[in-house]
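A.B. asks: In full-length UniProt numbering, the protein residues as written are 1 to 86. Note that CB positions come from ideal geometry on N, CA and C, so glycine has one too.
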Amino acid sequence: MADRPETPSEPTQVISESDVQWRTAGDRIQTLLDSCAAGGTAAQERASQLVREVVGLYGAGLERIMRLLSQPGLDPDAHIDLGPVC
């Protein structure tokens with residue numbers, strides 16, 4: 001994508017396979033969002049809003065998991081009830 005360099009900025013910086021996978025996924029998402037523009041501005045805005053909502057949902061879930069895992073005295077082998085999934 002044009003908004004980020006395709007190669008490491010420093011000779012010692014190495015792009016891991018995981019980084020490449022995340023970039024590729026991001027590129028696919030952006031391509032899908034761009035293709036929604038063919039359906040008009042409203043379709044593109046709805047698709048963008050959908051992505052924002054899903055990202056927000058995942059972010060909130062990760063935040064909750066991190067908060068639960070950071071509880072003092074937590075036994076790392078203990079089962080943590082994350083509540084309802086849906």
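Would you kindly report the start and end of the unbroken alpha helix (DSSP H) that includes L33?
C.D. replies: Residues 17 to 36.
A.B. asks: Taking only the alpha-carbon atoms, compute the straight-line gap between A38 and I65 and give it to the nearest angstrom.
C.D. replies: 38 Å
A.B. asks: Taking the alpha-carbon positions, what's the E45 to G73 distance?
C.D. replies: 45 Å
A.B. asks: Rounded to the nearest angstrom, what separates T24 and G56 at their Cα positions?
C.D. replies: 20 Å
A.B. asks: So for V51, helix, strand or coil by DSSP?
C.D. replies: V51 carries a helical assignment under DSSP once its states are collapsed to helix, strand and coil.
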